[in-house]
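Structure first, commentary second.
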Amino acid sequence: MPRKAAKPDTPPSTDAEDSLAPYRAMRNFTRTTEPSGGRTAKPGNGFVVQKHAASRLHYDFRLELAGVLVSWAVTRGPSADPDDKRLAVRTEDHPLDYARFEGSIPKGEYGGGTVMLWDNGTWEPIPGKDPKKTLPEGHLHFILHGQRMQGEWILFRLKPRGKEKRENWILRKVNDSFAARSDDLVGGHLTSIDSGRTMEEIAQGKAGKAAVAGKAAKRRKAAKKSATDKPPPFRPVQLATLVDHVPPGDRWLHELKYDGYRTVLAIGGGEGKAYTRSGLDWSDRFAGLIAEAVGLKARTALIDGEAVVLTPDGRTSFQALQAALKDDPDSITYFAFDLLELDGKDLTQTPLIERKALLAKLLGKADGKLRYSDHIVGHGEALLAKFCGLGLEGVISKRADGPYRGARGSGWLKTKCIQRQEFVIIGWLPSDRQRGFKSLLLGVNDAGELRYAGKVGAGFTEDAMTRLLALMAPIEQTRATVKAPPAAVRGAHWVKPRLVAEVAFAEVTGDGVLRHSSFLGLREDKKPEAVVAEVPAPVASATPDASGITISNRDRVIFPEGKLTKGQLADYYESIAPIMLPWAGSRPISLVRCPQGRARKCFFQKHDAGSFGDSVRQIAIAEKDGGSEPYLFIDSPAGLLTCVQMGTIEFHGWGARIEDVEKPDRLVFDLDPDESLGFADVVSAAFHLNDMLAQMGLTTFPLVTGGKGVHVIAPLTPGAEWPEVKDFAQRFATALAQAEPDRFTAALSKAKRKGRIFIDYLRNQRGATAVMPYSARSREHAPIAVPITWQELRSLDSAATWHIGDAAEMLKRAQSKSLAQWGRANQMLPEL
1 MPRKAAKPDT PPSTDAEDSL APYRAMRNFT RTTEPSGGRT AKPGNGFVVQ
51 KHAASRLHYD FRLELAGVLV SWAVTRGPSA DPDDKRLAVR TEDHPLDYAR
101 FEGSIPKGEY GGGTVMLWDN GTWEPIPGKD PKKTLPEGHL HFILHGQRMQ
151 GEWILFRLKP RGKEKRENWI LRKVNDSFAA RSDDLVGGHL TSIDSGRTME
201 EIAQGKAGKA AVAGKAAKRR KAAKKSATDK PPPFRPVQLA TLVDHVPPGD
251 RWLHELKYDG YRTVLAIGGG EGKAYTRSGL DWSDRFAGLI AEAVGLKART
301 ALIDGEAVVL TPDGRTSFQA LQAALKDDPD SITYFAFDLL ELDGKDLTQT
351 PLIERKALLA KLLGKADGKL RYSDHIVGHG EALLAKFCGL GLEGVISKRA
401 DGPYRGARGS GWLKTKCIQR QEFVIIGWLP SDRQRGFKSL LLGVNDAGEL
451 RYAGKVGAGF TEDAMTRLLA LMAPIEQTRA TVKAPPAAVR GAHWVKPRLV
501 AEVAFAEVTG DGVLRHSSFL GLREDKKPEA VVAEVPAPVA SATPDASGIT
551 ISNRDRVIFP EGKLTKGQLA DYYESIAPIM LPWAGSRPIS LVRCPQGRAR
601 KCFFQKHDAG SFGDSVRQIA IAEKDGGSEP YLFIDSPAGL LTCVQMGTIE
651 FHGWGARIED VEKPDRLVFD LDPDESLGFA DVVSAAFHLN DMLAQMGLTT
701 FPLVTGGKGV HVIAPLTPGA EWPEVKDFAQ RFATALAQAE PDRFTAALSK
751 AKRKGRIFID YLRNQRGATA VMPYSARSRE HAPIAVPITW QELRSLDSAA
801 TWHIGDAAEM LKRAQSKSLA QWGRANQMLP EL
């Protein structure tokens, strides 16, 4: 706790009037809306921080003293890290009513630009440190009680150099309970504490006074509950591998497999969000669940579970859930089975059994919309038999000591009572009766293209038929969607592969066609490209601790400079798989393959005809000519290692996941310097982009590429599609290049990069890729691409600092507090 403090004195107002003379002389109050200081403001012990985009972005730090706001311009903003000393230039005193100012100062006026109320609260000097005496002496020691800045701080004046006239001070955080070396105060808070607006929204005057007041009231109410908490960002979910029977032993705990929508709930600061398994924001559909979740006794929480509807006999029904989403959302229940974050602490590396204990405590004996998903340890076969006898869907088996890994792997397994999965609707057969149609024609993705999987003619209600016909009519086409036996599809109405159905079936014939199938409902949370046939794996082959992939020619040298071998590369990727797959998994990838080593011929590969085997999967993605191509993706350690066995060194991925390849989940700006520039120039440019994007409300994260550049990455909640995202990236890069033409270029031509940094915005177009976090590079000594913090970036002298021998350090870093939230933020694409 901070030490006890005394309140500052407020001298007579005549002194204040004198000290405000420079402030008034600098401004034309017929042009600027800044307060003149003419109104009497009630004195007190307040402080304010105003984010100010003038000729350069800075943060104005102001303390109320002697009837005015004593002011400093902090060039890089405050830092909660005691080791991070921030330059603070003393400026003119400001009137007390300036503490409420937010808006735009006209161009051409003193300080012209946008001003945001970034923080405020009260302050106290340390006992025995009279600020009226210590300020002229060149130091202030005080405690802040703000919404963002808290605890003990120090300001001290630097000795002037030469003919320097301005007062240069240093603002530094004292090492107390509020200090946080990993907390990026500036990067983590991009909106106004009063109006909730970004810098761009303030500059554009988007919200009127009434709207701003309403938003401010709402935010003040939330701030009263928690000044700094907000819902955690979405994380990729852990997926289960289908197996032929339940794994034995007490290392496994077993849960009911629910029949609903996988849903991630995020709460914090009195607000909440609900996400699908692919990260789409479905908060409007699950508003009732969110309303109950925000009442939990937690500052923040990220909960994984399933949204379901319970039938009178206690089972869960996907069909009932479909109806409830349309007509009765209050009937939806949520079974929570994992806890990824609680009160700001990342729990993903905590053993599952401990995470579930915390989850049970958080939910208590809830019997409302939010319920705890119980489990048993061991005895999985008996549980499956019981569930199957009751007509339930199956069992999910999870390693009791396992961490949470946002990808498919051997830590979670599923065993089904009833065969069912998703299929792509490719057409329908007309009915010879009054009903809407006789059956739906189905397909699955196989070897990168759709193949015929049979039909379903049972399980339809009249409402479901009517809705399906309405959805299929606009996408009907004359040509056949897939090749199929003519007798089976005679008279078919074909449709573009846009809809996904959940179907139960008795068996699959030798040629891959369903028998005794029944329609369960449409899947709006899964895209056609992600639908592949699920085949149960033998449980013994699905549960090894390693990937199970044999690496041949382990002693082959593929990095001749350090005599690094294929076996060493494979060992690196096997170790790093748990932290790499959440980023590189389940998205279309391109591989850099160097079968004979990096010194020989290397080539890019993004398509495959099946030579990689089952562990490297394929997704059919539509092309401009109306056809489709099979793109590679991986979602397991076995897939990662199979690529290495096939000579892969580098992994590059799309900016979208396979669940919806048309909606990017990130922006990437690749800073590519001319050969004449040093890494310090790239670092400076990266910070500049960070500042500019922050003004638009975007939190960004740096990644050193293992080459010579830096990627500035802004995660996105999937919503905007590729044309919109590319347009934003191009206009942003072009504007930056036009503003500083001697420093940046947005032109692809090498000739135009001389002495400049190329802002590669082309990573943000459909089909383009960027190197994945933790990927090795086919360069000397096997460097790797590494997520870092903004503070770390200042201390690096190369983008190739780490190498494949640093796997243990990468695993440790990924679990650290400073990187636990790297690459994650709840934010949509802003307007530009």
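Be aware that the sequence shown starts at 1, since it is given in the UniProt record's numbering, and climbs by one per residue.
Positions of the beta carbon are idealized from the N, C-alpha and C atoms, including for glycine.
Integer Cβ distance of residue i from residue j, believed to fall under 8 Å
i, j, result
"Ala770", "Arg763", "5 Å"
"Lys708", "Ala799", "6 Å"
"Arg587", "Gly653", "5 Å"
"Ala504", "Leu520", "6 Å"
"Leu671", "Ala685", "5 Å"
"residue 845", "Val592", "Outside the displayed range of the chain (1 to 832) lies residue 845, so it cannot be described from this structure."
"Ala733", "Ala751", "The Cβ separation is near 18 Å, so there is no contact."
"Ile804", "Ala782", "4 Å"
"Tyr761", "Phe687", "So it is not a contact: roughly 18 Å between Cβ atoms."
Close Cβ partners of residue i (< 6 Å) along its chain, the five nearest in sequence each way excluded
i, result
"Pro11", "Residue placement at Pro11 cannot be trusted, given a pLDDT of 39 that sits under 50; what the coordinates show is reported in the next sentence. For Pro11, where only same-chain residues beyond five positions count, the Cβ hits under 6 Å are Ala66."
"Gly265", "The identity of residue 265 in the sequence shown is Leu, whereas the question assumes Gly. Within the same chain, Leu265 has close Cβ partners Ala274, Ala293 and Ile303."
"Ala407", "Leu581, Pro582, Gly585 and Asp635"
"Ala825", "Pro233, Thr699 and Pro715"
"Gly378", "Asp250"
Top-ranked residue by Cα proximity to residue i, from the options
i, options, result
"Tyr59", "Arg27, Gly37, Asp81 and Thr114", "Thr114"
"Leu69", "Gly108, Arg31, Ala16 and Lys85", "Ala16"
"Gly121", "Lys257, Ser775, Phe142 and Phe47", "Phe47"
"Gly187", "Glu137, Pro95, Ile713 and Leu811", "Ile713"
"Pro82", "Ser177, Gln765, Arg743 and Pro160", "Ser177"
"Gly626", "Pro497, Gly146, Ala360 and Leu158", "Pro497"
"His189", "Met772, Gly697 and Arg753", "Gly697"
"Asp681", "Asp571, Leu796, Cys643 and Gly597", "Leu796"
"Glu34", "His94, Leu591, Pro528 and Asp18", "His94"
"Gln421", "Phe437, Ser410, Gly436 and Ala453", "Ala453"
"Val444", "Asn28, Val456, Ile426 and Pro430", "Ile426"
"Ile193", "Lys165, Lys132, Gln238 and Gly269", "Gly269"
"Val704", "Val49, Lys159, Asp244 and Tyr774", "Tyr774"
"Pro430", "Tyr372, Ile376 and Val489", "Val489"
"residue 887", "Leu514, Arg779 and Val725", "In this structure the chain extends from 1 to 832, so residue 887 is not present and cannot be described."
"Val539", "Gln238, Arg743, Thr333 and Trp412", "Trp412"
"Glu507", "Pro485, Glu534 and Ser676", "Glu534"
"Lys345", "Leu819, Gly823 and Glu831", "Leu819"
"Leu384", "Pro718, Lys414, Pro106 and Thr263", "Lys414"
"Leu390", "Lys365, Lys416, Asp367 and Gly368", "Lys416"
"Arg399", "Leu352, Phe387 and Ile290", "Leu352"
Short Cβ contact (7 Å threshold) for residue i with residue j
i, j, result
"Pro247", "Met149", "no"
"Ala807", "Ile576", "yes"
"Ala501", "Phe423", "yes"
"Leu829", "Phe728", "yes"
"Leu358", "Leu340", "no"
"Trp118", "Arg90", "no"
"Ala80", "Ala179", "yes"
"Ile396", "Glu561", "no"
"Asp259", "Gly288", "no"
"Gly457", "Lys438", "yes"
"Arg628", "Ala620", "The residue you asked about is not Arg; residue 628 is Ser in the sequence shown. Contact: yes."
"residue 891", "Gln349", "The structure shown does not extend to residue 891, since the chain is modelled only from 1 through 832, so no value can be given for it."
"Arg617", "Phe633", "yes"
"Leu793", "Val683", "yes"
"Thr642", "Ser676", "no"
"Thr333", "Val308", "yes"
"Lys455", "Leu471", "no"
Neighbourhood of residue i by C-beta distance below 7 Å, restricted to the same chain and skipping five residues each side
i, result
"Ala211", "Residue placement at Ala211 cannot be trusted, given a pLDDT of 44 that sits under 50; the coordinates are not used to answer."
"Phe156", "Gly138, His139, Trp169 and Ile170"
"Gly44", "Glu64"
"Pro536", "Leu242, Val243 and Asp244"
Cβ neighbours of residue i in the same chain (closer than 8 Å, five flanking residues each side left out)
i, result
"Leu135", "Leu65 and Val70"
"residue 848", "One cannot answer for residue 848 here, as it falls past the ends of the chain, which runs 1 to 832."
ask   = Hey, which unbroken runs of the beta strand (DSSP E) at 3 residues or more fall wholly within the stretch 746 to 804?
value = Counting only runs of 3 or more, we get 757 to 760.
request  = Identify every run of the beta strand (DSSP E) within the stretch 329 to 373, keeping only runs that are complete inside it and at least 3 residues long; order them along the chain.
outcome  = Annotation: the stretch 329 to 373 contains the following complete segments of the beta strand (DSSP E) (minimum length 3 residues), in chain order: 333 to 342 and 370 to 372.
query = Considering only residues of the stretch 575 to 621, which uninterrupted beta strand (DSSP E) runs meet the minimum length of 3 residues and lie entirely inside it, listed in chain order?
reply = Taking only runs of at least 3 residues, the beta strand (DSSP E) segments lying wholly in the stretch 575 to 621 are 589 to 593 and 603 to 605.
query = Can you list the beta strand (DSSP E) stretches of 3 or more residues lying completely in the stretch 625 to 713, in chain order?
reply = At a cut-off of 3 residues, the continuous stretches assigned as beta strand (DSSP E) that sit fully inside the stretch 625 to 713 are 628 to 633, 648 to 653, 666 to 673 and 701 to 704.
request  = At 3 residues or longer, and completely inside the stretch 368 to 429: list those beta strand (DSSP E) runs for me, N to C.
outcome  = For the stretch 368 to 429, whole beta strand (DSSP E) runs of length 3 or above, ordered along the chain, are 370 to 372, 394 to 399, 408 to 416 and 419 to 429.
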